[in-house]
Amino acid sequence: MVLLLLGGCTSNGGGADGPAPNPSQSAEQGGSKAASEPPGRTAEGAAAGRDKPFRFVVMGDSRGSAKGANEAILRNLMEHAKGLNPVPSLLFFTGDQVTGGANVGAQLEAWKAVVDDYFPMTSVYPALGNHEHDEKVFSEVFSHLPKEQLPGYGKTVYSFDYGNARFITLNSDRQNKNNQYAMDQNQRNWLEQQLKSSGDKQVFVQFHMPAYPIGAHLGSSLDGDPVSRDALWSLLDRYRVTAVFVGHEHNYNRRKVDGSFDGNGHHFEHPIYQLTIGGAGAPLYSGSQESKQVVVGPKASYHYMVVDVEADRTVFKAYDLQQNEIDSFTVERGGL
1 MVLLLLGGCT
11 SNGGGADGPA
21 PNPSQSAEQG
31 GSKAASEPPG
41 RTAEGAAAGR
51 DKPFRFVVMG
61 DSRGSAKGAN
71 EAILRNLMEH
81 AKGLNPVPSL
91 LFFTGDQVTG
101 GANVGAQLEA
111 WKAVVDDYFP
121 MTSVYPALGN
131 HEHDEKVFSE
141 VFSHLPKEQL
151 PGYGKTVYSF
161 DYGNARFITL
171 NSDRQNKNNQ
181 YAMDQNQRNW
191 LEQQLKSSGD
201 KQVFVQFHMP
211 AYPIGAHLGS
221 SLDGDPVSRD
231 ALWSLLDRYR
241 VTAVFVGHEH
251 NYNRRKVDGS
261 FDGNGHHFEH
271 PIYQLTIGGA
281 GAPLYSGSQE
291 SKQVVVGPKA
301 SYHYMVVDVE
311 ADRTVFKAYD
321 LQQNEIDSFT
331 VERGGL
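Mind the numbering: the sequence shown is residues 1 to 336 in the UniProt record's numbering, read in order.
Written out as structure tokens, the structure is:
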């Protein structure tokens, strides 16, 4: 048996039962880190074994009843994820973990308790959703996340390296002066720094609101402010990120954003998949108002995505609650 100590710890072994985690270590964070802390950050990545394959899982939108999460569906999906071979080293959630409201802190703590039954919280990396939009509470509950990297955003905006990859989480819940969701200049400046210093790593970005929604939230996601949306995507395009994970729309869909989406003076040269992972318990819907460059979906099924990061490519597979494969594709190193 391979003992995996996830989210910044070491592994005694690897092989058939799963790859050994290989988190990076950040000199700026002061030497060795406690086992309970998240992976460190360094522009060079892990010095040893940085091209060793590893696996991570993505889920999103697990909100449910007034108690916070749809516990039955969430546990079912977590059980599937825990049973994977190789075992996933990291777990990402694209937001709306809980329903929210006055007791959002208690709901998030209950959500943590459920997830912690399957994976140590130090391996879990959520994005802020509009249902748990209290940034202070979010940062307090998810105290294991990397320390504040963008002043004024708490732990809702963060980045870390793991193996040959860089993972970046953004806060899509802030609004502009017209009350539209927008990725502001502060985040975009910070994002560019993270992308610029990523070197030859494969880069994965997650945030809750889709940049290019296709259904019920069309016009009320980041597309509500197309100027800032296009400025955001131009950065992702320029630095050729591997994939973008979002939630908010309660289904699975894969959309290829390419030059046909050019706008506001920006030209997109490198196609990128926007992957909507929004079926971990919230009410499902399949309605679609946009079909342009939608490769798969929308599929109204509870689901999760398994991502295998290899030296020269990344393999993506999405599964529903019955373990049926609902999508599968590969992105070569350097993009589509």
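Just so it is clear, CB atoms sit at the ideal spot from N, CA and C, and this is done for glycine as well.
Owing to the predicted nature of the structure, the values given are computational and were not obtained by experimental measurement.
When DSSP builds the beta bridges, which residues end up paired with residue i?
i, result
"D200", "Answer is none; D200 lacks a bridge partner."
"D308", "R55 and V315"
"Q274", "V244 and R255"
"R63", "A69"
"E79", "Its beta-bridge partners do not exist; DSSP assigns none."
"K299", "Y252"
"D327", "A318"
"H144", "DSSP, once it has assigned bridges, lists no residue as partnering H144."
"Q175", "Y181"
"E332", "R313"
"G263", "H266"
"V157", "Paired residues: none, contrary to the question."
"V294", "R255"
Comparing alpha-carbon positions, which option in the options lies nearest residue i?
i, options, result
"F329", "V307, G95, L284 and D96", "V307"
"E192", "F207, S234, T276 and S89", "S234"
"D96", "S221, Q322, G247 and E332", "G247"
"D230", "A216, L321, G259 and G60", "G259"
"S89", "R55, G287, S291 and R174", "R55"
"Q323", "Y118, S301, R333 and G335", "S301"
"K292", "L218, Y304 and E332", "L218"
"Y181", "P226, E249, H250 and Y304", "P226"
"N251", "Y304, V241, D223 and V257", "Y304"
"K112", "V87, E135, P86 and S143", "S143"
"Q289", "T242, V244, M121 and E249", "E249"
"E135", "D117, G105, D116 and P120", "G105"
"V114", "M78, N176 and Y212", "M78"
"G281", "E325, E109 and N70", "N70"
"Y212", "Y239, D262, F167 and N189", "D262"
"R188", "K317, R174, P271 and A81", "R174"
"V309", "F138, K201 and D117", "K201"
"A81", "A318, L170, R333 and D327", "A318"
"G224", "V157, N178 and N103", "N178"
"D117", "R255, R75 and V257", "R75"
"N85", "A102, M121 and P53", "P53"
"G83", "D51, A110 and F119", "F119"
Is the separation between the beta-carbon of residue i and that of residue j shorter than 8 Å?
i, j, result
"V294", "I214", "yes"
"E269", "D237", "yes"
"G278", "G68", "no"
"K299", "N253", "yes"
"Q274", "V244", "yes"
"T242", "G335", "yes"
"S286", "L222", "no"
"T94", "V57", "no"
"I168", "Q185", "no"
"V141", "L108", "yes"
"residue 366", "M183", "Here the chain covers residues 1 to 336 and nothing more, so residue 366 does not appear."
"S198", "Y239", "yes"
"L145", "K155", "yes"
Chain B beta carbons: is any one of them nearer than 8 Å to that of residue i?
i, result
"D262", "Note that chain B does not occur in the displayed structure, where there is just one protein chain."
> In chain order, which continuous runs of the beta strand (DSSP E) of length 3 or greater are located wholly inside the segment 81-126?
Replying inline: Qualifying beta strand (DSSP E) stretches, in chain order: 90-93 and 124-126.
> Three or more C-beta pairs closer than 8 Å, one from the segment 124-132 and one from the segment 201-209: is that the case here?
Replying inline: Yes: at least three Cβ pairs fall under 8 Å.
> Any contact of the segment 143-150 with the segment 264-282, i.e. 3+ C-beta pairs under 8 Å?
Replying inline: No, the segment 143-150 is not in contact with the segment 264-282.
>> Below 8 Å, how does it come out for the segment 131-138 and the segment 162-169: are there three or more Cβ pairs, yes or no?
In response: Output reads no: the segment 162-169 does not touch the segment 131-138.
> Can we say the segment 84-102 touches the segment 62-73, given the rule of at least three CB pairs closer than 8 Å?
Replying inline: Three or more pairs of CB atoms, one per stretch, sit closer than 8 Å, so the segment 84-102 contacts the segment 62-73.
>> Report the start-end ranges of each beta strand (DSSP E) in the segment 178-238 that is 3 residues or longer and not cut off at the edges.
In response: Annotation note: the segment 178-238 contains the following uninterrupted beta strand (DSSP E) runs of length 3 or greater, listed N- to C-terminal: 202-206.
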